[in-house]
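Numbering (my numbering), first residue to last: 14 to 113.
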Amino acid sequence: MSLLQNVIVIGNELALAFDNGEELYLPLDLLRRACPCAACQGEPDALGRVLRPVQQIGPRGFELLKSEVVGGYAIQLFWADGHSTGLYTFDYLRRLTLLP
């Protein structure tokens, strides 16, 4: 398992560097729109149906204030509009880099 060594915002991208030499670069707007929290992606009801909420992201919603490593598997992003409930696992971030 590789460990996250550095996280930095470069322009409009979040750059992550791991101890095995792997680097990920993700646009901030993609990260915010792909926030994995239940408020952004929805959560299943008692019957297993997922109701997806409509995201209303204001202009400061794409400005990243800080990030914190969670355990050895994820980062939590803190956005300027106060949103911070999403935990982005490293595997999820890798999958996001594959999106067109």
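Ideal placement from N, C-alpha and C gives every residue a C-beta, glycine not left out.
Could you give the DSSP three-state label for GLN68: helix, strand or coil?
coil
Sorted by chain position, which residues of the same chain lie with C-beta nearer than 7 Å to ILE21's C-beta, five sequence neighbours on each side aside?
ALA28
Using the C-alpha atoms, what's the distance from GLU36 back to PRO66?
32 Å
Ignoring anything shorter than 3 residues or poking outside the segment 28-94, list the beta strand (DSSP E) runs there in chain order.
36-40, 77-83 and 87-92
Excluding the 5 residues flanking ILE88 on each side, which residues of the same chain have their C-beta closer than 6 Å to its C-beta?
SER80, VAL82 and TYR101
For TYR101, list the residues DSSP reports as bridge partners.
ILE88
Do LEU106 and GLY99 come within 8 Å of each other at the CB atom, strictly closer than that value?
no
Would ARG46 be called buried (16 or more neighbouring beta carbons within 10 Å of its own) or exposed?
exposed
What does the alpha-carbon distance come out to for the pair CYS50 and LEU44?
12 Å
Taking GLY85 and LEU16 to be in contact with their CB atoms under 8 Å, please state how far apart those CB atoms are, rounded to whole angstroms.
6 Å
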